[in-house]
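Participant: Just so you know, we're using UniProt numbering here: the sequence shown kicks off at 1 and counts up by one.
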Amino acid sequence: MGLAAFETRAGEAARTLLHNQGYDGGWGLTLTSVSSIVNTSEVLPILRAAGIAGQPVRQGLDFLTGVIAEHSRPRPKGGRGEHTRFIAFGLAGLLSHPRFFHHDGVAETAAWCVGWLEDHQVDHGWPEVLGLDDTSLHQTALVVHRLAELRDALHDFGPGLLLPGEVETHSLLKRVEPLIDHGVRGLLYHRRPSGAWGWRTYIDTDPSPSKTALCLLALSAVCAGTGPGGEPAYRDDPRETGGVHGPVQHKQLSEVVVEAGQWLLHNHHRWETFVEDDKDVQGTAWEHMAYALCTQAAVRAGASPRDPRLAKAWKLMNDLWDPKAGLWNEPGASGKRATIRAAYYTVSAYEEAMQRLARINLSDGTSEVASEASAEMVIVHVALGPGRAVLVTARDSEGNVACELSERLFDVVKVVYDAPEAGLSTKRIAAMLYVAPSSVPKYVQRVNQAVSAAFGGAPARLLLASTVDGASGYRLVGR
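Following this line, the structure appears as structure tokens:
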């Protein structure tokens, strides 16, 4: 499956990308390509996955804030065309590191993107490129997904906060929510009775695994968010689904997500080793890494990462790691090549699996990510060492083991280490780290993975789930 090696590989991939960052702060499809909005926005989540922030991220954000509006101009006016993907991927990059949303130009550019989407919506979503009236499932799903992330970020910031660029959180939120609803209605309209989506809108085409995965991830992001008081950000009431093909049904978004995930699992042979091209994308040859995208979506919909139907896709992703390039390859008839696109899709799938495993109740004291045959190490003492080292002593072991962590993971350990014996709530940890609460379980999982690796792969957990003041949280082991 490759989960045990993911932390190390993500770090190595991040170092490879840092060494190949363009002079303009961006990245292209390959390590020698011209910088683009799409690929720069794909790199930033990889850096986040490796716990890297700081100047490289700021430079990437500077690239995005400098080119999104420029690239979105019509070609005769010096732009690269009015493509929705510039806006959708641009928003993804701007939102990749919420702690930097106050960075110069980020909030202002995000608000500009919202204005562009307000001005250029069509029936049932957004087009591939302006001038085409047909809705694009690809772009509409991307837009809905990123608007849901922007909504959640604005909820986390709180109402009435004035961000740089004179962007006020409550006012921007009031503009974002109707756009989300518009996109959701469009995605549901094009849903097939089978639970899947076709590869094109308005035409009765074969179902598309990649489009189904993209729509699933978007709708899941919409109904997963929470408001400032912890209430659901989107009411999961029954909605009309279908209409373009077949009879209209009434389903909740959560039900639609589950059924799409079931369709992907049932049809895993259609995508588990495939790259699916997208002929609707104009101006470039576009390919979806279906093996990773659909795996991520299936796990998001509730599948266990160890479901046998996902095994072939995980094996492919594991085998595509290229140690010489320090990146993941793309499969293809023309030969394998290391690309940022392959790395982004693969990292997203592995992150989804780790977040899913972090949510599983490990009441039997074992870890799915760790070696299946080994017993869990019982940690009896923890200390903070020099640099970003954590010194861990396990029962029946001689001396302590030094576990070197990334800056972000060390910060996670330190805030819990300095906390009272009962630990800290997830919300409090998130506030101290300036991240979204939904990111905390992911970081905890990575901390425990790093400790496990320090013990040669034996299962070990440094941070344990706990209830703190009636809310979910984490405490240090041994307390």
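In this text, a Cβ means the ideal position worked out from N, Cα and C, and glycines have one as well.
1) Suppose contacts are defined by Cβ-Cβ distances below 8 Å. Is Ala-260 in contact with Thr-212 by that definition?
2) So Met-317 and Lys-442 are in contact, right, with Cβ under 8 Å, and what is the actual spacing, rounded?
3) Leu-130 by DSSP, collapsed to three states: which one?
4) Let me check understanding here. Comparing Cα to Cα, which of Asn-329, Trp-27, Trp-314, Pro-232 lies closest to Val-299?
5) With distance defined between alpha-carbon atoms, name the residue in Ala-111, Val-390, Arg-192 nearest to Arg-175.
6) Tell me which residue opens and which closes the alpha helix (DSSP H) that Tyr-23 is part of.
7) Measuring straight from C-alpha to C-alpha, what distance separates Ile-379 and Leu-476?
8) Provide the residue span of the alpha helix (DSSP H) that contains Glu-70, from first to last.
9) CA-CA distance, Val-451 and Ala-325?
10) Are the CB atoms of Gly-90 and Ser-41 within a distance shorter than 8 Å?
11) If you run the structure through DSSP and keep just helix, strand and coil, what is Ser-194?
12) Starting from His-250, trace the alpha helix (DSSP H) in both directions and tell me its first and last residue.
13) Starting from His-83 and walking both ways along the beta strand (DSSP E), at which residues does that stretch end?
14) By DSSP, does Trp-328 sit in helix, in strand, or in coil?
15) For Val-34, is the classification buried or exposed, using 16 other Cβ atoms within 10 angstroms of its Cβ as the cut-off for buried?
16) Can the beta-carbon of residue 480 be found less than 8 Å from the beta-carbon of Gly-51?
17) So, at 6 Å on beta carbons, what are the nonlocal neighbours of Asp-62 in its own chain, with the 5 sequence-adjacent residues on each side left out?
18) For the beta strand (DSSP E) that contains Gly-473, what are its first and last residues?
19) Am I right that Ser-22 and Leu-64 are in contact with their C-beta atoms under 8 Å? What's the rounded C-beta distance?
20) Can you name the start and end residues of the beta strand (DSSP E) that Arg-99 belongs to?
21) Ordered along the chain, which non-local residues of its own chain (more than five positions away) have a Cβ less than 7 Å from that of Thr-140?
22) For Arg-274, which residues from the same chain have a beta carbon less than 7 Å from its beta carbon, with the 5 sequence-adjacent residues on both sides left out?
23) Just how far apart, CA to CA, sit Leu-264 and Val-258?
24) So, helix, strand or coil for Ile-203, using DSSP?
25) So, helix, strand or coil for Arg-309, using DSSP?
26) Between the beta-carbon of Gly-227 and the beta-carbon of Ala-233, is there less than 8 Å?
27) Let me check understanding here. Comparing Cα to Cα, which of Ala-88, Ile-87, Glu-70 lies closest to Arg-80?
28) Kindly indicate the opening and closing residues of the alpha helix (DSSP H) around Ala-454.
29) Out of Lys-427, Cys-403, Asp-156, Arg-235, which has the shortest C-alpha to C-alpha gap to Leu-462?
30) According to DSSP, what are the bridge partners of Ile-429?
31) At a threshold of 7 Å, does Asp-134 count as lining the ligand FAD (C-beta to nearest heavy atom)?
32) Going by DSSP, what residue range makes up the beta strand (DSSP E) through Val-401?
33) Tell me where the beta strand (DSSP E) around Glu-272 begins and ends.
34) So, for Glu-368: in the same chain, excluding its five sequence neighbours on each side, which residues have a beta-carbon less than 6 Å away from its beta-carbon?
35) Report the rounded CA-to-CA distance for Glu-7 versus Ser-304, giving the unit in angstroms.
36) Check for me: the alpha helix (DSSP H) holding Val-143 runs from which residue to which?
Facilitator: Let me lay it out:
1) yes
2) Actually they do not touch by this definition, with Cβ atoms about 18 Å apart.
3) coil
4) Trp-314
5) Ala-111
6) Careful: Tyr-23 lies outside any alpha helix (DSSP H) and carries neither H nor E.
7) 10 Å
8) 54-71
9) 26 Å
10) yes
11) coil
12) Counting along the chain, His-250 sits inside no alpha helix (DSSP H); it lies in the beta strand (DSSP E) bounded by residues 249-251.
13) From DSSP, His-83 is part of no beta strand (DSSP E); its letter is neither H nor E.
14) strand
15) exposed
16) Examination of residue 480 is not possible in this model, given that the chain is present from 1 through 479 alone.
17) Gly-25
18) 471-476
19) Before going on, a small fix: residue 22 reads as Gly here, not Ser. That pair is no contact at about 12 Å.
20) It is not in any beta strand (DSSP E) - Arg-99 carries neither H nor E in the DSSP assignment.
21) Gly-125, Trp-126, Gly-183, Gly-186, Leu-187
22) The question names Arg, yet the displayed sequence has Phe at residue 274. Cβ neighbours of Phe-274 beyond the five flanking positions: Ala-290, Tyr-291.
23) 10 Å
24) coil
25) helix
26) Contact flag set, yes.
27) Glu-70
28) 440-454
29) Leu-462 has its Cα closest to that of Cys-403, out of Lys-427, Cys-403, Asp-156, Arg-235.
30) Answer is none; Ile-429 lacks a bridge partner.
31) In terms of ligand content, the structure shown is empty, and the ligand FAD therefore cannot be addressed.
32) Val-401 -> beta strand (DSSP E) spans 401-404.
33) No beta strand (DSSP E) contains Glu-272, which DSSP labels as neither H nor E.
34) Note that Glu-368 scores a pLDDT of 47, beneath 50, so its modelled location is shaky and nothing firm can be said.
35) Whole-angstrom Cα-Cα distance: 20 Å.
36) Note, Val-143: alpha helix (DSSP H), 137-157.
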